[in-house]
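Below is one structure, written out as structure tokens; comments come after it.
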Amino acid sequence: MAQASARHILVSSEEQCQELKTKIEGGEDFAALAQKHSSCPSGQNGGELGTFGPGQMVPEFDKVVFSAPLNEVQGPVKTQFGYHLLEVTQRTD
Numbered sequence: 101m102a103q104a105s106a107r108h109i110l111v112s113s114e115e116q117c118q119e120l121k122t123k124i125e126g127g128e129d130f131a132a133l134a135q136k137h138s139s140c141p142s143g144q145n146g147g148e149l150g151t152f153g154p155g156q157m158v159p160e161f162d163k164v165v166f167s168a169p170l171n172e173v174q175g176p177v178k179t180q181f182g183y184h185l186l187e188v189t190q191r192t193d
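For what it's worth, the numbering used here labels the leading residue of the sequence shown as 101, then goes sequentially.
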């Protein structure tokens, strides 16, 4: 079964999500921004979500995690929780 490791930043607005993505693309550290801005408890760990399989996250999240290139920031991705920036750090098929 496929497995992935990912990290994310969860915020309440698409605008804030896009601003953070621009900062990361400009060289700011993903983990530091997650600690400062993410409303998810994982933010304290730099947004790290650990390893999980398909179906363990909400569908919108799963779709990106199991299709996106590794180590590229994806988003904003809208879910019932808000807006996410996602980065897949590892994946096995």
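Every residue gets a Cβ at the ideal spot worked out from N, C-alpha and C, and that includes glycine.
task = Identify whether L133 lies in helix, strand or coil by the three-state DSSP scheme.
result = helix
query = Three-state secondary structure (DSSP) at E128?
reply = coil
ask   = T189: which of Q180, Q174, F181 and G182 sits nearest, CA to CA?
value = Comparing Cα positions, the closest option is Q174.
task = Please say whether S139 and R107 have beta carbons closer to each other than 9 Å?
result = no
ask   = Quick one: Cα of G153 to Cα of M101, how far?
value = For the pair G153 and M101, the Cα-to-Cα distance works out to about 7 Å.
request  = Counting only the same chain and skipping the five closest in sequence on each side, list residues whose C-beta sits under 7 Å from that of G147.
outcome  = R107, H108, I109, F130, A131, A134 and S138
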